[in-house]
Amino acid sequence: MMLELYGHPFSSYTWKVLIALYANGTHFTFHSLDGENPDQATAYARVQQVSPMGKFPLLVDGSREVFETSPIIEHLALHHPGAAPLIPADPDAAIRTRMIDRVFDNYVMNAMQECVDEAISTGSVSPETQARVDERVTRAYRWIEGWLATYAMPDSVSLIECAAAPALFYADWVTPIPEDCPRLRGWRAQLLAMPPVARCVEDARRFRHYFPLGAPDRD
Numbered sequence: 001m002m003l004e005l006y007g008h009p010f011s012s013y014t015w016k017v018l019i020a021l022y023a024n025g026t027h028f029t030f031h032s033l034d035g036e037n038p039d040q041a042t043a044y045a046r047v048q049q050v051s052p053m054g055k056f057p058l059l060v061d062g063s064r065e066v067f068e069t070s071p072i073i074e075h076l077a078l079h080h081p082g083a084a085p086l087i088p089a090d091p092d093a094a095i096r097t098r099m100i101d102r103v104f105d106n107y108v109m110n111a112m113q114e115c116v117d118e119a120i121s122t123g124s125v126s127p128e129t130q131a132r133v134d135e136r137v138t139r140a141y142r143w144i145e146g147w148l149a150t151y152a153m154p155d156s157v158s159l160i161e162c163a164a165a166p167a168l169f170y171a172d173w174v175t176p177i178p179e180d181c182p183r184l185r186g187w188r189a190q191l192l193a194m195p196p197v198a199r200c201v202e203d204a205r206r207f208r209h210y211f212p213l214g215a216p217d218r219d
C-alpha cells in the first residue's frame, strides 16, 4: 500500500520527514493540513484520532500508524530503505546519530519555538523571552559549531540532516547564527542547497506570511 503522510508544507517537523522521503525517492501520498486542501477536515480528524496531542506529522503505512518524527524516520529506514540509509548500520554510529537528532529537536527547534508561540498568542515577543531564547539557542549553536569540527558529513541524507535542516532554517530567523560559528553558518547553507531540502523550502515559500515574527527576505 502507498505510504500516507499527514502534515503541513510550512511545518518544520513535516519537513524533517519529507526530507527523508525525498532523499530516497519514496512514493507517498501527502495529506496537507492547509486551507487549500479540500480534504483538510478529514486529514485533521485522522491526526487528532491517532496522535496523543493531535500533532502532525503522522505516517500511515497500511495498518501501521507512526507519529513523532524520529520514529517515523526509523520506520522508513527499516521498512522502506533506499540509497540514503538514514540510520547508520553500525550500532555505535546509530546511537550517535540519534543523540545529535535530539540536539536539533530539543535544543534548537523547541527552544526557538518559545518565541514563535508567544508571538502567536500575544502578537509580539517580550524582550525577556527573546533574550532567554537567544541565550539557549546560541549556546546550542556554539556546541554544534564544535561538533562540526569532528563530523564527517555523509554522501547522503541521514537522520542528522533531516533534523538539522529545518531546525537551522527556522532558528536562524529567530536567533541568527553568530559570526563566530562559521562552520555552522556554512553547513546551514549546504543543507539548504541539498535537493530534498531545497524542495521543502520552495514548496513552503507561499506560506511564509504565516510566520508570526515576519519571515526575513532571504533563504
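In the working numbering, the protein residues as written are 1 to 219.
Beta carbons are placed, not taken as given, at the ideal position from N, Cα and C, and that holds for glycine.
Remember, predicted model here, so these are calculated numbers, not experimental data.
- Note on geometry: alpha-carbon atoms of SER51 and ASP61 lie some 15 Å from one another.
- Classified as exposed, ASP39 has fewer than 16 neighbouring CB atoms from the shown chains inside 10 Å of its CB.
- Burial is judged here by how many other beta carbons sit within 10 angstroms of a residue's own beta carbon; LEU78 has fewer than 16 and is exposed.
- Taking C-beta separations shorter than 7 Å and ignoring five residues to either side along the sequence, the partners of GLN130 in its chain run CYS115, following chain order.
- From the listed residues PRO85, ARG136, ILE87, the smallest Cα separation to GLN113 is found for ARG136.
- By the Cβ neighbour-count rule, SER32 is buried, with 16 or more other Cβ atoms within 10 Å of its own.
- Comparing C-alpha distances from PHE211 to each of LEU5, VAL17, VAL174 shows the shortest one belongs to VAL174.
- For ARG188, the uninterrupted alpha helix (DSSP H) segment begins and ends at 182-193.
- Here GLY7 is buried, its C-beta having at least 16 other C-beta atoms within 10 Å.
- Burial check for PRO127: the Cβ neighbour count within 10 Å stays below 16, so the residue is exposed.
- Between the alpha carbons of TYR170 and SER70 lies a gap of roughly 18 Å.
- Around the Cβ of TRP147, a 10 Å sphere holds fewer than 16 other Cβ atoms; the residue is exposed.
- Inside the segment 48-100, DSSP marks whole beta strand (DSSP E) runs of 3 or more residues at positions 58-61, 64-67, from first to last along the chain.
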